[in-house]
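The sequence shown: position 37 = 37 (the UniProt record's numbering), numbered continuously.
The structure under discussion appears below in the form of structure tokens.
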Amino acid sequence: MPHIAVSLYPGRDDATKRDIAEKLQQFYVETFGTDEEAVSVSIVEVPGEEFTQTIEERYRPEDLYIASRAVSKPE
């Protein structure tokens, strides 16, 4: 049962977050050929001043496949 976790800056309304979640779920279903009911998606808002630290504490560096300005992958 796959789970997709999204962390982002605050400011999106619930309709936008639901739309993002549904698109991610659909992408996963189409890409991996799994049932829609098997894929869950969470979206957590993290304040900007806490974002980098929160992500670095939550995820191992080797699990970061794409770095951003806020979170960089250690060399």
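Even for Gly, the Cβ is constructed at its ideal location relative to N, Cα and C.
| query | result |
| --- | --- |
| Length of the line joining the Cα atoms of E36 and E62 | 28 Å |
| For S42: DSSP bridge partner residues | A5 |
| Cβ-Cβ distance between T52 and S7 below 8 Å | no |
| Neighbour-count burial assignment, Q25, 16 or more Cβ in a 10 Å radius | buried |
| Opening and closing residue of the alpha helix (DSSP H) in which I20 lies | 14-32 |
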